[in-house]
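As structure tokens, the structure follows; a few thoughts come after it.
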Amino acid sequence: MQVKKLHSPGLTFFKPETENTLRLPFVPVGVKAGFPSPALDFMEYTIDLNKYVAKHPHTTFYIKADGHSMRDAGIDDGDILVTDRSLEPANGKIAICLIDGEFTVKRLKLEKGELYLMPENPAYPPLPVTENSQFSVWGIVTFVIKSL
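Just so we're aligned: 137 in my numbering is position 131 of the sequence shown, and the numbers increase by one with no gaps anywhere.
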């Protein structure tokens, strides 16, 4: 999957390359995590991951996570976050936020009219968004691509 690097203020942002396609072999049925299923050698399906994870290619970016504050949400240091800027922020969504000049990835929590950026690791405190904060939601995380 080819990507174009955009800039790096805290996180590394990449734009999907949607003009060129790379179609890889794909088995469209679920693989059993318990007992094995019959071999599917005869399947001839392919998938272009850019088209699968970037529902809105002109507003989708790949962003490399840095740090451990979202560990319990399954986001680890070095993971690639597929982020869509066209999606509306909502309570409980994981978002790429710009707060006071710094990018961060956190879960949005709206409680009693107040907004908090919630880490998913008890070692990190919530970040309250106040009227003095320079704040914007840059995009909503839709997929996490990780190495095992």
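Every residue gets a Cβ at the ideal spot worked out from N, C-alpha and C, and that includes glycine.
Please read all numbers here as calculations on a predicted model, not as lab measurements.
Buried or exposed by the 16-neighbour rule on C-beta atoms within 10 Å, applied to residue i
i: residue 132; result: exposed
i: residue 151; result: exposed
i: residue 85; result: buried
i: residue 62; result: exposed
Integer Cβ distance of residue i from residue j, believed to fall under 8 Å
i: residue 115; j: residue 97; result: 7 Å
i: residue 109; j: residue 102; result: 6 Å
i: residue 134; j: residue 117; result: Their Cβ separation, rounded to whole angstroms, is 10 Å, which puts residue 134 and residue 117 out of contact at 8 Å.
Distance between residue j and residue i (C-alpha atoms, nearest Å)
i: residue 90; j: residue 146; result: 5 Å
i: residue 87; j: residue 122; result: 21 Å
i: residue 107; j: residue 51; result: 45 Å
i: residue 143; j: residue 104; result: 6 Å
i: residue 11; j: residue 136; result: Since pLDDT at residue 11 reaches only 41, below the 50 mark, its modelled position is unreliable, and no value is offered.
i: residue 64; j: residue 79; result: 26 Å
i: residue 130; j: residue 75; result: 6 Å
i: residue 71; j: residue 113; result: 14 Å
i: residue 66; j: residue 92; result: 8 Å
i: residue 73; j: residue 153; result: 15 Å
i: residue 55; j: residue 95; result: 24 Å
i: residue 138; j: residue 57; result: 39 Å
i: residue 77; j: residue 149; result: 15 Å
i: residue 111; j: residue 83; result: 11 Å
i: residue 125; j: residue 53; result: 33 Å
Best match in the options for proximity to residue i [C-alpha to C-alpha]
i: residue 59; options: 68, 52 and 72; result: 68
DSSP bridge partner residues for residue i (one or two, in chain order)
i: residue 142; result: 104
i: residue 86; result: 70 and 151
i: residue 117; result: 120
i: residue 134; result: 122
i: residue 61; result: Its beta-bridge partners do not exist; DSSP assigns none.
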